[in-house]
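Down below is the structure, laid out as structure tokens.
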Amino acid sequence: MDIKLELFAGVIADAICENIKYMYINTDEVNSRATLILAEIQGVIQNEKIESDFYVVEEIVCIFERYGLDAGFRHDF
Numbered sequence: 001m002d003i004k005l006e007l008f009a010g011v012i013a014d015a016i017c018e019n020i021k022y023m024y025i026n027t028d029e030v031n032s033r034a035t036l037i038l039a040e041i042q043g044v045i046q047n048e049k050i051e052s053d054f055y056v057v058e059e060i061v062c063i064f065e066r067y068g069l070d071a072g073f074r075h076d077f
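Residue numbers for the sequence shown follow my numbering, beginning at 1 and rising by one.
Spelled out as structure tokens, the structure:
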């Protein structure tokens, strides 16, 4: 990573940490979203109609993408 970008990211992170106590964050909303995502993943894992483990992983990656979560570099095909 570029050193300037790393320093900038550090300044931004510090500013957020310093000021987060003044922000309203509905943690119930975050909890609900996480619970919804986990329930969807559980449904995929328990779905016996999906015969291949590859497609189970594919479905989980699709869930991640649907919620704007990064699935990582191993699934870039």
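We put the CB at the ideal spot given by N, CA and C, even for glycine.
Note that the structure is a prediction, hence the values are computed from the model and not measured.
#### Entry: Own chain partners of Y67 with C-beta closer than 8 Å, once the 5 adjacent residues on each side are dropped
Non-local C-beta neighbours of Y67 in its own chain, meaning closer than 8 Å and more than five positions away in sequence, comprise R33 and I37, ordered along the chain.
### Query
Just reading off the alpha helix (DSSP H) that G43 is part of, what are its end residues?
Taken as a continuous stretch (DSSP letters only), the alpha helix (DSSP H) holding G43 covers T27 to Q46.
### Message
At the level of alpha carbons, what is the spacing between D2 and I12?
### Response
Between D2 and I12, the alpha-carbon positions lie close to 15 Å from each other.
### Query
E59 CB to nearest chain D CB: under 7 Å?
This model lacks chain D altogether, as it is built from one protein chain only.
### G43 to K4 span [Cα, whole Å]
Between G43 and K4, the C-alpha separation is close to 43 Å.
### Task
Would you give the residue range spanned by the alpha helix (DSSP H) that Y55 belongs to?
For Y55, the uninterrupted alpha helix (DSSP H) run begins and ends at D53 to R66, by DSSP.
### Query
Below 7 Å between beta carbons: does that hold for E29 and I63?
Result no, Cβ atoms of E29 and I63 do not sit closer than 7 Å.
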